[in-house]
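Visitor: Chains as they are written, first to last, in the numbering used here: chain G, 5 to 613; chain B, 5 to 613.
Built from N, CA and C at the ideal position, the CB exists for glycine as well.
Everything numeric in this text was worked out from a predicted model, so none of it was measured.
1. By how many angstroms is the C-alpha of residue 189/B removed from the C-alpha of residue 380/B?
2. Mind checking which residues open and close the beta strand (DSSP E) that includes residue 357/B?
3. Indicate the three-state DSSP secondary structure (helix, strand or coil) for residue 531/G in the structure shown.
4. Closer than 8 Å by beta-carbon distance: list the chain G residues that pair up with residue 224/B, in chain order.
5. Would you call the CB atoms of residue 163/G and residue 126/G closer than 8 Å?
6. Given a cut-off of 8 Å on the beta-carbon distance, is the pair residue 446/B and residue 477/B in contact?
7. Under 8 Å Cβ-Cβ, which residues of chain G neighbour residue 361/B?
8. What is the rounded straight-line gap between the Cα of residue 297/G and the Cα of residue 117/G?
9. So, is residue 308/B buried or exposed, given that buried needs 16 or more other C-beta atoms within 10 angstroms?
10. Residue 426/B and residue 387/B look like a contact to me (Cβ under 8 Å); what is the Cβ gap, rounded to whole Å?
11. List the DSSP bridge partners of residue 408/G.
12. Please classify residue 225/B: is it buried, with 16 or more other beta-carbons within 10 angstroms of its beta-carbon, or exposed?
13. Does the beta-carbon distance from residue 39/B to residue 262/B come in below 8 Å?
14. What span of residues does the beta strand (DSSP E) with residue 332/G cover, start to end?
15. If you count every other CB in all the chains shown that lies within 10 Å of the CB of residue 67/B, and 16 or more means buried, which is it?
16. Which whole-angstrom value is the C-beta distance of residue 151/B and residue 180/B, which I expect to be below 8 Å?
17. Taking the alpha-carbon positions, what's the residue 310/G to residue 455/G distance?
18. Would you mind reading off the limits of the beta strand (DSSP E) that contains residue 503/G?
19. Let me check understanding here. Comparing Cα to Cα, which of 500/G, 15/G, 20/G, 532/G lies closest to residue 274/G?
20. Identify the residues that DSSP records as bridge partners of residue 68/G: which are they?
21. Please report whether the beta-carbon of residue 500/B lies at a distance below 8 Å from any beta-carbon of chain G.
22. Give the range of the alpha helix (DSSP H) segment to which residue 151/B is assigned.
23. Quick one, which of 83/B, 85/B, 439/B, 599/B has its alpha-carbon nearest residue 401/B's?
24. In terms of residue numbering, what span does the beta strand (DSSP E) encompassing residue 492/G cover?
25. For residue 166/G and chain B, any beta-carbon pair shorter than 8 Å?
26. Using the beta-carbon of each residue, which ones in chain B are nearer than 9 Å to residue 400/G?
27. Could you work out which residues of chain B lie near residue 614/G, taking near to mean beta carbons separated by less than 7 Å?
28. Would you mind giving the Cβ-Cβ distance between residue 156/G and residue 362/B, rounded to the nearest angstrom? I have them listed as a contact below 8 Å.
29. With burial defined as no fewer than 16 other Cβ atoms inside 10 Å of the residue's Cβ, what is the status of residue 229/G: buried or exposed?
30. Using the beta-carbon count (16 or more within 10 Å), is residue 10/G buried or exposed?
31. Relative to chain B, which residues along the segment 72-84 of chain G have a C-beta separation below 7 Å, given in chain order?
32. Would you check if there are 3 or more beta carbon pairs closer than 8 Å linking the segment 193-206 of chain B to the segment 234-248 of chain B?
33. Among 518/B, 607/B, 375/B, 165/B, whose alpha-carbon lies nearest the alpha-carbon of residue 461/B?
34. Kindly indicate if chain G contains any beta-carbon less than 8 Å away from that of residue 470/B.
35. Mind checking if residue 107/G is an interface residue toward chain B, Cβ cutoff 8 Å exclusive?
36. My understanding is that residue 124/B touches residue 86/B, with C-beta atoms under 8 Å, so please give their C-beta distance in whole angstroms.
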C-alpha cells in the first residue's frame, strides 16, 4: 500500500535531523552527503521497499545497498525511523563499541555488503538481484549511488551486465548533487547526461528532482509501468546539504558535521519536534527460507601417474560440488575455457554466470550472491584478479563467503609473457584477514581442496596451474585446510625442500637428482599456504639440521617463502627460491630455469648449506 | 600525403601473411585477433600516422597503443612492413631470446606501454594525448581496442575523462569482431550500440565496415572535419580471422595459430607473393626534444617539534620539485584536499590533472604520461590504490616512471573505518620488481623522500599518514633510498625497535617509557621499506642481543615486518607487531592500542624477550 506523500515528507525531515544529530554527536561524518539523498531515501525505504522491520533474515525482504557508503548516517537514520534500531544506537555512530561504523558493514544484520570504497554497490546489488532470479524469489534490489562514484568504471561494468541479463529487479537511484569531495563532479548537475549513459548501456532511465516527492514516487511507478525487462535507473538532481542553510549546496563541507554550537539553530531550521508518523511497513511475501543442506563431500577417482592440469581438475570438482549443493554458483570473466569453469556451465547452466572481461564487477556480484546465501566460485587468470583487488579487500570487510580460483600462474604459463602471469596472487590473498590460500599440485588434491573451500566459510583462494602435472596422491588422501604433506622422507635427510603446485614437482625431481648423488632430502607439499602448517614444517626443520629450501612460482614477497619464514622464525636457515624480476616470454621449462625455481636450482640450494 | 587505397590493401594483405607466419613459427599466439584488425591497422599505420620509421624517439611521432595486446603479431607485422624491423625479428616471436614477446612491452623501443591485460590501453593513450597538450606538441595518439575488452570499466573511465578534458588528439579504434575468448561478446556485432556508448560519454563516434578501406579512410577524414574538440571513436564491424577460410568468423580459434601443415594452403589463399609496395612514411614535424634538466634538489625549512601531517608535507614537496622540474605532473582521484596534492594545483595549475573517482584510469594515464617523459605523481587514499593494482602491475612491466602517494593509511585514520584504511599498500608495492617503498615519519623526511623519489626512475611508493606527527629531523639530514636512521641508541640497548611512519613515534614513546624502568632500547626509523637497510638492521640486532621488535600500521603479511624478517634471516629473534584482523571505527589512539601496535604493546614485546 503506498504511503501518503505527507508521511514521506515527514520521514525525510526526520532522516535529516537524525543524520545531523548523529554526526554532530560523533564529531565526524558526512551529513551533507546524507541530506542530498534524504528525500530519495524516504521514498525508497518508506514507500517502495517491502521488508519486515522485525526480521532482517526474511528471505523475501527487498534488498538495499548504500553504494555511497559515506552516507551511512542516513542509512542508520532510516533504520531508526523504521523502528529497527533505537535512538541510542543511532547516536553511538562511529564509537569504538558501536556496530554503527563510519561506513556500513555487515556487523549490522541489515547490511549485506560493506561499502565505503565507492563504485562497488551496483555490482553487489546486481549479485543480489541475480540471486533472486536463481532462487525464483520476487524481491527487488535498490542501490543508492552518488554521482561522483559513477566515475568508477565498475559502475558501468555492472550496468552492462545487468542489461545483458535483463535484470529488471534491480533499481539504481543516483543522487546527483554535483559536488565531489574536492570539487564539482565531471558531469555536474547534468542528469540528462547521466540518464543518457544508462540508456546507452541498455537501461530504462528516468530523471527527477530529487527533492520533489511527487516526482520521485511517480518515477518508480513509471519504471514499473514502462521498463519491461530492463534494469531501472532513477537519476535525481539534488543539492548537497539540502535543507540546512549552513551548508546547502556549498563546497568545502564534504565530510564535515554541523559544529556543536550550531546544532540547535540547524535543528530549529528543520522544524522540530517530530510530527506524528503515519508509516506502516510494507511486509514482503514469498516462500520461506530453504532448509540447510548437508555438508559438501565428494569422491575422487584419478589414476596415479596420469597427467592432468590442476585447472582442469578444478572444473571437474566444481561439477561435483554443484551436484551436492544448490548454493554453488560459478562466475568467470570470459576465460571459462582456460580455467575450466565451463564444465559447470555445461553441467548446471542455470548456476553459471558469464561475467565477461570485467573482473571488478565480477567480484562485486559474487559479494552480492554471497550475501544471499550462495557459495560463489570466481575464476579467471590469477593475474587479472589484481584488477579486482579493491573488491576483494571489501569482500573481506563484508565477511563474504567467496571462493576465488586463479589459473595461469607464474612463469610456468610460458610464451604469453608477463602480462598474463599471476605472480602477486598468493600475497594479495594472504593479506585478507582470515583468508585461506590453497595451492594444489595434482588433480586429487585439487578436487579435495575445492570441496574443502566450499565447506569453509569466508574468502578462500585456490591457485591452479596451466601445464599438466602428474597425479601423485591416492584418491583416499585427505587435504585439510592448514595441513601439508610430507611426500618424501628418510631417517637421514640433509635438508627440507618445501614446494607447492608446480614447484612441488620440481622439488621431487631435485630430490631424485640429489639421491643419485647420495644426498637425501625431505620434501613437503605446502598445499595450504594460509594457514600454513607451521608444526610440520618446524618439526621437519629440526630433523633436517635446520636447513630449509622453499621454492615458489611467485614473486619473492608475501608468498609461500614468507609464510615459511614466519612459521620457522629463527629456528632454521631458510633459502627462498622465487621469481625476483619481471619475467618474459619463453617455453615454461626454460622460464622455470631462467628465474631460478627449477629442480636444478633446488639442487644447488640444498648443496649450498 | 594520403596513401593510395591499393597500397593500403596490399599492406593489409601483408599484415595478415606476416601475422600468420610469425604465430605458426612460434607455435602459439592469436592470429585470428590479428586478422580482424589488419585492415584497420593498415590505415592507421600507413595512411593516418605521422612517424619517422628510423627514429622511435622523435618527440613528434604520432603514438600508437595496442590495447588488445594479444594482437601483438599484428603490431610487429606493422613494424616489419614499415621497415622498422626485419623478417628475422618478426619470426623470432615469443622466443626466449627475442624482444618480440607474446604481448608487447617497452623492451621494443616503439612500444610505450606494456599491454596484454585488457582494457588499459585507452588510459595510457589518454595519458600520452594529455602529455602532447602539456608539451604543446601536435602529435595524435591512436589506440586500437578489441570489443571484448570494452567490458572493462577502465575503458569508460578513460572515455569520460577524455571527453571532460576535450582531448581531441585521441583516437580510439574499436575492432568489433563479436567474439571473445570463450564465446560471443556482450554486444556482439552491434556497432551502433558501441558508438552510442561512446557518444553518451561525450565522444564523436563513427561506425564503419572494418574491412572496407574506403570507409575506414573516410571515417578518419570525417573525424578531422566534424569532431571539433571531442575525442574520436571509430567503431568497426569486423570478422575474427578475416581472410582465412580455415577460421574466419569461427568460434574455438581464439589464441590458436595455423597448424604448420596448413600454412602453405593458408598463405596461398592470401595470394603470395608480395606485390610491390608504394608506401612512403608520413614524417612528423614539430619542435625538437627538450634538453635534459638538472637533477631535482630542494631545501627544507621545518622547525623541530612542530606538528605537521606527512601528507601535508607531501603537498609542499610537490610544489618544490615542480618548481625545479617541468617534468613533474600530479594526478589525484578527487581526494586532493586530503592528500594535499591540491597544493600543486594551486601553484602549477597546468600540471595538475584531476582524474576524479576512477583510480584504474588514473594509473593508466600516468603510465602514458611517463612514456612521454613526464614524472607523474599519483595520489589518493592508499586503500583505493588497490583498485588500480592491475594497472600498477602493468606499469611495472612497462618499466614506467611513476610515483605513487597513498595517504590515510592504517588504523590511525580513525573513525572512517576499514573501508578507508590502507593496510595492504606496502605489500602491494613491494611486489613490483625493482620498486621503491618509502614511509616517512615526519615532514622533513617526507619532503626529502619526495625529491629522492622524483630523482629515482621507476615505480616508487610514498606512504603518508593522516594525523599530524612531530618534526624530529633537522633540515640538513639526508634520506637516501635504501637507508634508515638510528634515532635512539646507547651502549647497553636491550633490544632494537624498528618502526616507520606513525609507529616510529610509538616506538619513541615506548623507548621513553622503558627508559623510566631502566631498560634501554635502540630505535630505528626504517623509512625505506624497500630496499630495506639490511646492514644497519643486522648490525643493530647484533648489538642488542639479537632481539628485534618491528611495528607497523599495516597487515602482518608482506609489510615492514616481513622485510625485516627477510633481512635478518635466522640471525635474530623478531617479534612482529602488526594489524591482524579487519579493524573498525574508533579514535586513532584507541585503534592503535586495540590492534596491538601502540607504545604499550611495544613495551610489552620488549619485556617479553
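Guide: Let's see:
1. 35 Å
2. 356-358
3. coil
4. Within 8 Å Cβ-Cβ: nothing; residue 224/B doesn't reach chain G, min ~23 Å.
5. yes
6. yes
7. 122, 123, 152, 153, 155, 156, 184
8. 24 Å
9. exposed
10. 4 Å
11. 382/G, 465/G
12. exposed
13. no
14. 332-336
15. buried
16. 4 Å
17. 21 Å
18. 499-503
19. 20/G
20. 146/G
21. no
22. Element bounds for residue 151/B: n/a, residue is neither H nor E.
23. 439/B
24. 489-492
25. no
26. 422, 586
27. With chain G running from 5 to 613 in the structure shown, residue 614/G is simply not present.
28. 6 Å
29. exposed
30. exposed
31. 73
32. yes
33. 375/B
34. no
35. yes
36. That belief does not hold up - the Cβ atoms of residue 124/B and residue 86/B are roughly 24 Å apart, past 8 Å.
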